[in-house]
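Going by the numbering used here, the final residue of the sequence shown carries number 205, and the count climbs one at a time with no gaps.
Backbone N, C-alpha and C define an ideal beta-carbon position, used for all residues, glycine too.
Step one of this worksheet: look at the structure below.
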Amino acid sequence: MTNTSADQVKSALARFATGVAVLSVRDGRPPDSAPPGPDVVDPDEDFDDPADDIAATLTAFMPVSLFPPIVAISADLTGYVAEVLQRRAHWGLSVLSSGQAALAGRFAAAGRPSARLLLAGEEHHRGPLTGALLLDRATATIECVTIDRRPVGDHLLVTASVVDVTAAGPKDPLVRYDRAYRGLTRRD
Numbered sequence: 018m019t020n021t022s023a024d025q026v027k028s029a030l031a032r033f034a035t036g037v038a039v040l041s042v043r044d045g046r047p048p049d050s051a052p053p054g055p056d057v058v059d060p061d062e063d064f065d066d067p068a069d070d071i072a073a074t075l076t077a078f079m080p081v082s083l084f085p086p087i088v089a090i091s092a093d094l095t096g097y098v099a100e101v102l103q104r105r106a107h108w109g110l111s112v113l114s115s116g117q118a119a120l121a122g123r124f125a126a127a128g129r130p131s132a133r134l135l136l137a138g139e140e141h142h143r144g145p146l147t148g149a150l151l152l153d154r155a156t157a158t159i160e161c162v163t164i165d166r167r168p169v170g171d172h173l174l175v176t177a178s179v180v181d182v183t184a185a186g187p188k189d190p191l192v193r194y195d196r197a198y199r200g201l202t203r204r205d
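Here it is in structure tokens:
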């Protein structure tokens, strides 16, 4: 039991600076089709199928283990991203740089965010091991395969093995702080 309101928690957590990434995952169904059954995870996903890709801005990301490499993400249980993550195991993250705040805003919209439409004009490629769409100008890209997913409160907590990474040269990161995207400038 707590005496803390949701607004108080949001206000306090807004003071915690966090990195910003774009998560990309194959939807597993062609655009405008009915959804497949719940909790169907296909470990042999066909990366060349005609299914749509979805993507969303994500700030709830953290490393869990280096040996073996494991990360965790969190997504709103009522959102479409959580629905897809419950049935798809392969996904990727593009860690954004300070010059990509507009891109973060573009992918922050609610609903069924079609990655291919939102990526118009952005250089990107498919990850070699997951088929996830990854941004070429990202600070880093991380390809993941889900090892566990569970509802925790009002979010879906997903842990995943890191199967491939790339890191660009030094770039200033994009961070979310006090409900806004901000650049973080390195001091030498």
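Closer than 7 Å by C-beta to residue i: which residues in its own chain qualify, once you throw out the five before and the five after it? Chain order, please.
i: THR74; result: VAL37, VAL39, ALA121, PHE124 and ALA125
i: LEU201; result: SER115, ASP189, PRO190 and VAL192
i: ASP8; result: Because the chain spans 18 through 205 in this model, residue 8 falls outside it and cannot be assessed.
i: HIS142; result: LEU151 and ASP153
i: LEU136; result: LEU150
i: ALA77; result: ILE90 and SER91
i: LEU113; result: VAL37, ALA38, VAL39, LEU120, ALA121, ALA155, THR156 and LEU191
Taking the alpha carbon of residue i as the reference point, which residue from the options has its own alpha carbon closest?
i: PHE69; options: ARG105, ASP93 and LEU83; result: Per the sequence shown, the amino acid found at residue 69 is Asp instead of Phe. Comparing Cα-Cα distances from ASP69 to each of ARG105, ASP93 and LEU83, the minimum goes to ARG105.
i: ARG167; options: LEU146, ILE87, LEU102 and SER41; result: LEU102
i: ASP93; options: LEU151, LEU173 and ARG199; result: LEU173
i: ALA177; options: ALA118, GLU140, THR147 and ALA29; result: THR147
i: GLN117; options: TYR198, ALA29 and ALA127; result: TYR198
i: GLY144; options: ALA127, VAL182 and THR95; result: VAL182
i: VAL179; options: ALA23, SER22 and TRP108; result: TRP108
i: SER41; options: LEU83, PRO187, VAL169 and TYR97; result: TYR97
i: ALA127; options: ASN20, THR21, ALA29 and ALA72; result: ALA72
Per DSSP, residue i is paired with what?
i: GLY36; result: VAL192
i: ALA89; result: MET79 and THR176
i: SER41; result: ALA72 and GLY109
Among residues of its own chain, excluding the 5 on either side of residue i, which ones have a beta-carbon nearer than 6 Å to its beta-carbon?
i: ALA185; result: THR156
i: THR35; result: THR76 and ARG193
Under three-state DSSP, which class holds residue i?
i: ALA31; result: coil
i: ALA106; result: coil
i: GLN25; result: helix
i: PRO53; result: With a pLDDT of only 42 at PRO53, under 50, the local geometry of the prediction cannot be trusted, and the value read off the model is given with reservation. Reduced to three states, the DSSP call for PRO53 is coil.
i: PRO47; result: Low local confidence applies: a pLDDT of 48 at PRO47 is under 50, so the model's placement there is unreliable, with the coordinate-based value given in what follows. Of the three classes helix, strand and coil, the one that applies to PRO47 here is coil, per DSSP.
Among the residues of its own chain, which have a CB less than 8 Å from the CB of residue i, if the five just before and after it don't count?
i: VAL81; result: ILE87, VAL88, ALA89 and THR176
> Which runs of the beta strand (DSSP E) spanning at least 3 residues fall entirely within the region 115 to 202, listed in chain order?
Replying inline: The region 115 to 202 contains these whole beta strand (DSSP E) runs: 141 to 143, 150 to 152, 157 to 169, 172 to 184, 191 to 194 and 197 to 200.
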